[in-house]
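S.K.: Structure incoming, see below.
Residue numbers (the UniProt record's numbering): 1 to 380.
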């Protein structure tokens, strides 16, 4: 089943399949593999039992009979494997059809444009929860909140009925300083652009199951972004603590100023650039790049299983670094470094170093990759 697993992972990497959907398919493949092992074990046990029951007086006849029995069981075994393979492929095909919305019931859909708009009402917090569709979050110089929706309602060919379904399954409210927008129906896809007044917010929380997020010029003390399948691109952001978490999708943060940043993805690259005091960056499968154009960072940690790590440090920064790679290599492109510990074994490479700089404040750096390489150099 290695080819099937490879194909599923390729679909995830191409963005055609979410991680949750891939887990379902992989579990189905595992069940099929267990079935094959059981069939093989039963066949082997039956052969042993038949062999032990033969008598010495019927040795010649039993050899012919045993050969016939083995051939029969071998045919049965491969027949069962073939049937199991057909069942798993049927399951995979049906699952893919359902997941990618190609059932006949999705051939009918109605496009519904709709705009929600309301005065600011002293908004301090924002909560957005969308099941299916991308989101753009933009701060503008107007006093009101504006949410532009382009919805595609499935299983309907009547515009009024589709509009009613969209409105019944969409929440838009501003109460007690909280802006809430949510669409949780799986039978519609909503492309959303949210315009909010340009000011400082206490908390912004965004959850998307299938779709990405683009945000720019948002100032929030706390920001939480969670997506299952979709990339996250943020520009000119500012805040105290940001948490960005995706399962399948890249994370890109540029031109931003955040005191504490946590960015994690299972499948995708992570590229962050800005002023961070603390940054914790992780990816299971994907490269990591962290650029610090100015001095001010205290702790930077970058960890990846399959992928490379590039760290770009500001000129004159004082660094206390620990770089590790199991199967890859590392390169320290910094002047004036002092190596305190170095290990260059076949399956484990590590270097601990210090670099004195003009500033007393030290950047504590940890870069750890299992199969990739690490580059640490001064920012251009």
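Backbone N, C-alpha and C define an ideal beta-carbon position, used for all residues, glycine too.
These numbers were taken from a predicted model, which means no experiment stands behind them.
Can you give me the Cβ contacts of residue 165 inside the same chain, cut-off strictly under 6 Å, excluding the 5 residues immediately before and after it?
M.R.: Here residue 165 refers to the residue found at position 165 when the chain shown is read from its first residue. Within the same chain, residue 165 has close Cβ partners 153.
S.K.: Quick check: the region 314-334 against the region 266-286, are there 3 or more CB pairs under 8 Å?
M.R.: Counting Cβ pairs under 8 Å, fewer than three are found: no touch.
S.K.: Quick one: Cα of residue 326 to Cα of residue 174, how far?
M.R.: Residue mapping note: residue 326 aligns to position 326 of the chain shown, counting from 1. Residue mapping note: residue 174 aligns to position 174 of the chain shown, counting from 1. Rounded to the nearest angstrom, the two C-alpha atoms are 51 Å apart.
S.K.: Quick one: what's got a C-beta closer than 6 Å to residue 111's C-beta in the same chain, skipping five residues either side?
M.R.: Here the question's residue 111 lines up with position 111 in the chain shown. For residue 111, where only same-chain residues beyond five positions count, the Cβ hits under 6 Å are 152.
S.K.: Buried or exposed: residue 247, going by 16 or more other Cβ atoms within 10 Å of its Cβ?
M.R.: In the chain shown, residue 247 corresponds to position 247, counting from 1. With 16 or more Cβ atoms within 10 Å of its Cβ, residue 247 is classed as buried.
S.K.: Fully enclosed by the region 182-226, which beta strand (DSSP E) runs are 3 residues long or longer?
M.R.: For the region 182-226, whole beta strand (DSSP E) runs of length 3 or above, ordered along the chain, are 188-197, 200-210, 213-216.
S.K.: Would you mind reading off the limits of the beta strand (DSSP E) that contains residue 301?
M.R.: Counting from 1 along the chain shown, the entry for residue 301 is found at position 301. Where residue 301 is concerned, the enclosing beta strand (DSSP E) stretches over 299-306.
S.K.: Taking the beta strand (DSSP E) that residue 120 falls in, what are its first and last residues?
M.R.: On the chain shown, residue 120 is found 120 positions in, with the first residue counted as 1. Counting along the chain, residue 120 falls outside any beta strand (DSSP E), and DSSP gives it neither H nor E.
S.K.: With a 10 Å radius around its C-beta and 16 neighbouring C-beta atoms as the bar for buried, classify residue 187 as buried or exposed.
M.R.: One-based indexing of the chain shown puts residue 187 at position 187. So residue 187 ends up on the buried side.
S.K.: Skipping 5 residues on each side, what residues in its chain have a beta carbon closer than 6 Å to that of residue 316?
M.R.: The sequence position of residue 316 within the chain shown is 316, counting from 1. Only 357, 358 meet the Cβ criterion.
S.K.: Output the distance between the C-alpha atoms of residue 251 and residue 230, rounded to the nearest integer angstrom.
M.R.: For the purposes of this step, residue 251 is identified with residue 251 of the chain shown, where counting begins at 1. For the purposes of this step, residue 230 is identified with residue 230 of the chain shown, where counting begins at 1. So the two alpha carbons sit approximately 9 Å from each other.
S.K.: For residue 132, collect the residues of the same chain with a Cβ closer than 6 Å to its Cβ; drop the 5 residues on either side in sequence, then sort them by chain order.
M.R.: On the chain shown, residue 132 is found 132 positions in, with the first residue counted as 1. Around residue 132: 189, 210.
S.K.: Take every Cβ of the region 338-353, pair it with every Cβ of the region 290-301, and state whether three or more of those distances are shorter than 8 Å.
M.R.: No contact exists between the region 338-353 and the region 290-301.
S.K.: Considering only their Cβ atoms, is the gap separating residue 311 from residue 369 smaller than 8 Å?
M.R.: For the purposes of this step, residue 369 is identified with residue 369 of the chain shown, where counting begins at 1. For the purposes of this step, residue 311 is identified with residue 311 of the chain shown, where counting begins at 1. Cβ atoms of residue 369 and residue 311: not closer than 8 Å.
S.K.: With DSSP as the reference, please indicate the residues paired to residue 233 in a beta bridge.
M.R.: Translated into the one-based positions of the chain shown, residue 233 becomes position 233. 214, 252, per the DSSP bridge assignment.
S.K.: DSSP state of residue 159, grouped into three classes?
M.R.: Residue 159 sits at position 159 when you count from the first residue of the chain shown. Three-state DSSP puts residue 159 in a helix.
S.K.: Do residue 235 and residue 255 have their CB atoms nearer than 8 Å?
M.R.: The count along the chain shown starts at 1 and reaches residue 235 at position 235. The count along the chain shown starts at 1 and reaches residue 255 at position 255. Taking 8 Å as the Cβ cut-off, residue 235 and residue 255 qualify as a contacting pair.
S.K.: Output the residue ranges of the beta strand (DSSP E) runs that lie fully inside the region 239-299 and measure 3 residues or longer, sorted by chain position.
M.R.: Fully enclosed beta strand (DSSP E) runs of 3 or longer: 251-267, 270-285, 288-291.
S.K.: Rounded to whole angstroms, what's the CA-CA distance from residue 292 to residue 377? Just pull it up for me.
M.R.: As a first step, residue 292 is located in the chain shown; it is residue number 292 there, counting from the start. As a first step, residue 377 is located in the chain shown; it is residue number 377 there, counting from the start. Those two C-alpha atoms are separated by around 11 Å.
S.K.: Thinking C-beta only, is residue 273 closer than 8 Å to residue 304?
M.R.: In the chain shown, the residue the question calls residue 304 occupies position 304. In the chain shown, the residue the question calls residue 273 occupies position 273. Their beta carbons are not under 8 Å apart, which means residue 304 does not touch residue 273 by this criterion.
S.K.: By how many angstroms is the C-alpha of residue 207 removed from the C-alpha of residue 176?
M.R.: Within the chain shown, the letter at position 176 stands for residue 176. Within the chain shown, the letter at position 207 stands for residue 207. Roughly 21 Å separates the two Cα atoms.
S.K.: Could you have a look at residue 331 and say whether DSSP puts it in helix, strand or coil?
M.R.: Here residue 331 corresponds to residue number 331 of the chain shown, with the count starting at 1. Note: residue 331 maps to strand in three-state DSSP.
S.K.: Under a Cβ-count criterion, where at least 16 other Cβ atoms within 10 Å of its own Cβ denotes burial, should residue 287 be classed as buried or exposed?
M.R.: What you label residue 287 is simply residue 287 of the chain shown in a count that begins at 1. Buried: at least 16 other Cβ atoms inside 10 Å.
S.K.: Please return the same chain residues whose Cβ sits closer than 6 Å to the Cβ of residue 262, not counting the five positions on each side in sequence.
M.R.: In the chain shown, counting from the first residue as 1, residue 262 sits at position 262. The answer, listed in chain order, is 243, 280.
S.K.: Within 10 angstroms of its Cβ, does residue 167 collect 16 or more other Cβ (buried), or is it exposed?
M.R.: Taking the first residue of the chain shown as position 1, residue 167 is located at position 167. So residue 167 counts as exposed.
S.K.: Check residue 322 in the structure and name its three-state DSSP category.
M.R.: For the purposes of this step, residue 322 is taken as the residue at position 322 of the chain shown. Reduced to three states, the DSSP call for residue 322 is strand.
S.K.: Measure the C-alpha to C-alpha separation of residue 130 and residue 375 and round it to an integer number of angstroms.
M.R.: Taking the first residue of the chain shown as 1, we reach residue 130 at position 130. Taking the first residue of the chain shown as 1, we reach residue 375 at position 375. Taking the straight line joining both Cα atoms gives about 38 Å.
S.K.: Only counting the same chain, and skipping five residues up and downstream in sequence, which positions put a Cβ closer than 8 Å to that of residue 360?
M.R.: Within the chain shown, numbered from 1, the residue matching residue 360 stands at position 360. The residues are 318.
S.K.: In the structure shown, what three-state DSSP assignment does residue 343 receive?
M.R.: Translated into positions along the chain shown, residue 343 becomes position 343. Strand.
S.K.: Would you kindly work out how many angstroms separate the C-alpha atoms of residue 126 and residue 145, rounded to a whole number?
M.R.: Counting from one through the chain shown, the residue named residue 126 turns up at place 126. Counting from one through the chain shown, the residue named residue 145 turns up at place 145. Rounded to the nearest angstrom, the two C-alpha atoms are 11 Å apart.
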